[in-house]
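The next block holds one structure in the form of structure tokens; read it before the comments.
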Amino acid sequence: MEHEQSRRLGKRRRKRCVILIVIVVLIVIVIIAVVLGLTLRQNKSEFKSTFLSRCEKFNQTDCQKVWDAFEQAYVNKDPCKVAVEAYDPLIVAAPFKPQCNRMMFWSKTKDVVHGFTEKRDCFVTLEDTLLGSVLDGLTWCGKEGSKGTFTTGCPGWSECENNPVRSFWRRISAAFADVACGDVTAMLSGSIDTPFNPTSIFASIEVVRFQASRIKSLNVVMVLQQNAKSNCTDPSLKNLRQTLDTGITYSCKDVPESRIQECGAKPEIACGACW
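Anchor point for the sequence shown: position 136 equals 135 in numbering that gives the first Met the number 0, and the numbering is continuous, going up by one each time.
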């Protein structure tokens, strides 16, 4: 009899232990789900907040409309299957405006170019426009079956070709090039072996869209640092000249980075005299 009671008590204890374990596991799962949900909502909230605050610096812009057009490009999609064309509605919502004789393109010279344009109102780069400005330096993606915007766990630039960030920059680079007009300037790097790299966005997307009906000339500024590897005589620039639409005048000038920095720091130097 005592043995039977002891056995029953043991069963009850084991049953209670199992129940307690199940309850604890369920509580942990709920906590993780809540924390994860809050984290994802916070990530989207912070990302959207950054987007809208940057957008609102541009007057007379319906930033919520721009956000909605942007979000529909990647939300609820495989982050490696966001086509360039997915951003077409975004271009419609925030079209680029031609700024003849002031448009600046660049390749491998981002810091130099923006260090200059932040100080002088001589040129406009893609990152100075509404769409380029609101997303410069940011990462985002969606997931199949989710309405969320994610800022972590997204594919890197080269991880897959049609990822949200890469497709975005390719699409707006094309749109920016489509409105280029007058005298166009491009800053290329003399610190690399191939200043006009055929795989770059400048070479593969922008230059090929330059039309002689809109563009008078392309003026290349070759940025030279100490121990430069290339200059305006680099063979790759022959490919650039051959790629240009017939009728667009080409010129190239080697300019020390120090001169560009000096021009940025001295507003008394006329924009046309910087190089």
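For every residue, glycine included, the Cβ atom is placed at its ideal position computed from N, Cα and C.
State the Cα-Cα distance for the pair residue i and residue j, rounded to the nearest angstrom.
i: residue 105; j: residue 185; result: 5 Å
i: residue 243; j: residue 206; result: 7 Å
i: residue 82; j: residue 197; result: 21 Å
i: residue 270; j: residue 80; result: 43 Å
i: residue 32; j: residue 145; result: Because residue 32 carries a pLDDT of 49, less than 50, the predicted location of this residue cannot be relied on, and the following value inherits that uncertainty. Approximately 15 Å between the Cα atoms of the pair.
i: residue 199; j: residue 20; result: 57 Å
i: residue 72; j: residue 194; result: 32 Å
i: residue 37; j: residue 44; result: Reliability fails at residue 37, whose pLDDT of 45 lies under 50, so the model's placement of it is uncertain and no value is given.
i: residue 179; j: residue 110; result: 22 Å
i: residue 154; j: residue 136; result: 15 Å
i: residue 267; j: residue 218; result: 22 Å
i: residue 97; j: residue 52; result: 24 Å
i: residue 236; j: residue 202; result: 11 Å
i: residue 66; j: residue 156; result: 22 Å
Leaving aside the five residues before and after residue i along the sequence, list all residues of the same chain whose C-beta is less than 8 Å from its C-beta, in chain order.
i: residue 211; result: 244, 245, 246 and 247
i: residue 158; result: 79
With a threshold of 6 Å on Cβ separation, who are the neighbours of residue i within its own chain once the five nearest residues in sequence on each side are excluded?
i: residue 39; result: Only weak support is given to the placement of residue 39: the predicted model assigns it a pLDDT of 43, under 50, and the question is left unresolved by the model.
i: residue 88; result: 68
i: residue 176; result: 205 and 208
i: residue 216; result: 182 and 248
i: residue 119; result: 263
Hey, could you find the ends of the beta strand (DSSP E) residue i is sitting in?
i: residue 120; result: Neither: residue 120 is in no beta strand (DSSP E) and is coded neither H nor E.
i: residue 167; result: Here residue 167 belongs to no beta strand (DSSP E); instead the alpha helix (DSSP H) covers 163-177.
i: residue 156; result: Premise fails: residue 156 is in no beta strand (DSSP E) and is neither H nor E.
For residue i, does the count of other Cβ atoms within 10 angstroms reach 16, so buried, or fall short, so exposed?
i: residue 233; result: buried
i: residue 139; result: buried
i: residue 272; result: exposed
i: residue 117; result: exposed
i: residue 188; result: buried
i: residue 162; result: buried
i: residue 61; result: exposed
i: residue 240; result: exposed
i: residue 126; result: buried
i: residue 84; result: exposed
Could you give the C-beta distance for residue i and residue j, rounded to a whole number, given that I count them as a contact under 8 Å?
i: residue 214; j: residue 181; result: 7 Å
i: residue 251; j: residue 133; result: In fact, because the Cβ distance is near 33 Å, the residues do not count as touching under 8 Å.
i: residue 86; j: residue 170; result: 4 Å
i: residue 222; j: residue 108; result: 5 Å
i: residue 112; j: residue 128; result: Between residue 128 and residue 112 the Cβ distance is about 14 Å, and since that is not below 8 Å, they are no contact.
i: residue 152; j: residue 75; result: Contact doesn't hold; Cβ gap of about 16 Å is too wide.
i: residue 64; j: residue 92; result: 6 Å
i: residue 101; j: residue 122; result: 5 Å
i: residue 192; j: residue 143; result: Actually they do not touch by this definition, with Cβ atoms about 41 Å apart.
If you drop the 5 nearest sequence neighbours on each side, which residues of the same chain put their C-beta closer than 7 Å to that of residue i?
i: residue 190; result: 224, 227 and 228
i: residue 173; result: 204 and 208
i: residue 167; result: 86 and 134
i: residue 274; result: 220, 252, 254 and 258
i: residue 276; result: For residue 276 there is no data in the structure shown, the boundaries of the chain being 0 and 274.
Would you kindly report the start and end of the unbroken alpha helix (DSSP H) that includes residue i?
i: residue 181; result: Not the alpha helix (DSSP H): residue 181 falls in the beta strand (DSSP E), residues 181-188.
i: residue 262; result: 256-264
i: residue 69; result: 62-70
i: residue 216; result: Careful: residue 216 lies outside any alpha helix (DSSP H), inside the beta strand (DSSP E) at 214-223.
i: residue 132; result: 129-134
i: residue 106; result: First-last for residue 106: 103-106, but that is the beta strand (DSSP E), not the alpha helix (DSSP H).
i: residue 87; result: 87-92
i: residue 236; result: 235-242
Beta carbon of residue i: closer than 8 Å to some heavy atom of the ligand GTP?
i: residue 52; result: In terms of ligand content, the structure shown is empty, and the ligand GTP therefore cannot be addressed.
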